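Novice:
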């Protein structure tokens, strides 16, 4: 990645070209764990957006003061603070969702996407660049979660965002809401994403 | 040497202080709302914890806080005892249903836990919790592999510590409540 990219370029990159899930294979624990329905996936994405924007901005603002051997400690401290705020927010205002996500909200602390963005971008770039980067990566993460959750919720429960999509006679594919369905869906979508990427880069490769 | 540590770590110390203050403010602002959410969930669980109960009323025995489980005519049919203790990962908060003499456990509900997903978190499953119903409250419960005895609880596979934590929280809370009940003479 070039160091002089504009905040807008960083934003766009995070969505597809450097998508955290499909391109960097980061943050797969929540990707697999909370995508059995759209509401949970979108709540998780919202929490990651909040934490990533907060952590990237704080790290970027203090980047001149960071000591190399203490930087990871400071990243973790910052991330943990924002995660705790997000966790308490969910418990206060979205209680049933907070129960459903359970330990996955506090586990955002160890989501590699966030510490990766702090290290790769925020600790070296201006707050504007860090903000663009955080928004792009969060949107990329949200899109990835939405794609997997859409397949899993429709096939597994016949609904999307809780709204009935498939006819009532549909036999729910129970495997799709279980962990097995997460691996199957993610594997297939990852394969498709890679295949599309190869075809676009080199149209003759598949002939 | 010591001065060097301070001069290098001042940012960590400062940030830790600032973040701690921010979290304290967040806690102060939202604590009541979170407690209210839990209270509402507790009341909603009472019918599942004590057979015949429809609602609950707060009560205190000394320092022990408990809900009286009431049926639709307002008669007491049991108790619902909130209990907290350390689990494998974090605090576990339980609701324990007891019959009106506090001699048998009638149900168990996990209000809050952050145990390992897929292993310890199985303690929330109704399938696992239901084995508490009907167990004696007069003797301490034990975790075992086969759960043959009447005061034995079968551990969640791969989560012995989480299972033992739940059982010891139950034992401690039920024992404490029974003592408080005796002392009060009610």
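Protein chains in written order, with our numbering: chain A, 253 to 459; chain B, 24 to 209. Virtual Cβ for every residue (Gly too), placed ideally from N, Cα, C. Everything numeric in this text was worked out from a predicted model, so none of it was measured.
1) Quick check: the Cα distance between residue 282 of chain A and residue 382 of chain A, rounded to an integer number of angstroms?
2) Inspect the beta-carbon positions of residue 173 of chain B and residue 165 of chain B and report whether they are closer than 7 Å.
3) At the 7 Å Cβ level, is residue 35 of chain B part of the contact set with chain A, yes or no?
4) DSSP on residue 345 of chain A, reduced to helix/strand/coil?
5) Helix, strand or coil for residue 356 of chain A per DSSP?
6) Given that residue 379 of chain A touches chain B, what residues does it touch there, using C-beta distances under 9 Å?
7) Under 7 Å, Cβ to Cβ, is there at least one residue of chain B near residue 452 of chain A?
8) For residue 179 of chain B versus residue 186 of chain B, is the C-beta distance shorter than 7 Å?
9) For residue 70 of chain B, go through chain A and note every residue whose CB falls closer than 7 Å to its CB, in chain order.
10) Starting from the C-beta of residue 290 of chain A, find all residues in its chain whose C-beta is less than 8 Å away, skip the five residues before and the five after it, and write them out in chain order.
11) Cutting at 7 Å between CB atoms, please list the residues of its own chain near residue 22 of chain B, excluding the five before and the five after it.
12) Rounded to the nearest angstrom, what separates residue 436 of chain A and residue 207 of chain B at their Cα positions?
13) Using a Cβ-Cβ cut-off of 7 Å (strictly less than) and excluding sequence neighbours within five positions of residue 278 of chain A, which residues of its own chain qualify?
14) What residues of chain B sit near residue 394 of chain A, judged by a beta carbon separation below 8 Å?
15) Does the stretch 418 to 427 of chain A touch the stretch 300 to 319 of chain A, meaning 3 or more C-beta pairs lie closer than 8 Å?
16) Along chain C, which residues have their Cβ under 7 Å away from the Cβ of residue 42 of chain B?
17) Measuring only the C-alpha atoms, how far is residue 71 of chain B from residue 446 of chain A?
18) With a threshold of 16 other CB atoms inside 10 Å of the CB of residue 65 of chain B, please say whether the residue is buried or exposed.
19) One question on the structure: do residue 329 of chain A and residue 38 of chain B come within less than 7 Å of each other, judged by their Cβ atoms?
20) Report the rounded CA-to-CA distance for residue 104 of chain B versus residue 155 of chain B, giving the unit in angstroms.
21) Listed in chain order, which residues of the stretch 45 to 56 of chain B have Cβ atoms closer than 8 Å to some Cβ of chain A?
22) For the alpha helix (DSSP H) that contains residue 80 of chain B, what are its first and last residues?
23) According to the neighbour-count rule (16 or more other Cβ atoms, all chains shown, within 10 Å of its Cβ), is residue 41 of chain B buried or exposed?
24) Whose C-alpha, out of A/451, A/263, A/284, A/348, is nearest the C-alpha of residue 433 of chain A?
Specialist: Working from what's here:
1) Per the coordinates, the alpha-carbon of residue 282 of chain A lies some 23 Å from the alpha-carbon of residue 382 of chain A.
2) No, these two residues do not count as a Cβ contact at 7 Å.
3) By this cut-off, residue 35 of chain B is an interface position.
4) In the three-state reduction of the DSSP assignment, residue 345 of chain A falls in the helix class.
5) Helix, per DSSP.
6) For a Cβ distance threshold of 9 Å, nothing in chain B lies close to residue 379 of chain A: the least Cβ distance comes to about 17 Å.
7) For residue 452 of chain A, the answer is no, since every Cβ of chain B falls outside 7 Å of its Cβ.
8) Going by C-beta atoms, residue 179 of chain B is nearer than 7 Å to residue 186 of chain B.
9) What residue 70 of chain B touches in chain A: nothing, since even the nearest Cβ is about 18 Å away.
10) The beta carbon of residue 290 of chain A sits closer than 8 Å to those of 398, 401, 402, 405, 412, 413, 414, all from its chain and outside the five residues before and after it, given in chain order.
11) Here chain B has residues from 24 to 209 only, and residue 22 of chain B is not among them.
12) A direct Cα-to-Cα measurement between residue 436 of chain A and residue 207 of chain B gives close to 59 Å.
13) Cβ-Cβ distances below 7 Å link residue 278 of chain A to 272, 364, 365, 368 in the same chain, with the five nearest sequence neighbours on each side left out; the list follows chain order.
14) Chain B residues near residue 394 of chain A: none, gap ~21 Å exceeds 8 Å.
15) With a cut-off of 8 Å on Cβ pairs, the stretch 300 to 319 of chain A is not in contact with the stretch 418 to 427 of chain A, counting fewer than three such pairs.
16) The displayed structure is made up of protein chains A and B, and chain C is not among them.
17) Cα to Cα, the separation comes out at about 49 Å.
18) By the 10 Å Cβ count, residue 65 of chain B comes out buried.
19) Yes. Within cutoff.
20) Per the coordinates, the alpha-carbon of residue 104 of chain B lies some 14 Å from the alpha-carbon of residue 155 of chain B.
21) Cβ contacts with chain A come from 45, 46, 49, 50, 53, 56.
22) Counting along the chain, residue 80 of chain B falls outside any alpha helix (DSSP H), though it belongs to the beta strand (DSSP E) covering 78 to 84.
23) When all chains shown are included, residue 41 of chain B counts as exposed.
24) Ranking the options by Cα distance to residue 433 of chain A, first place goes to A/284.
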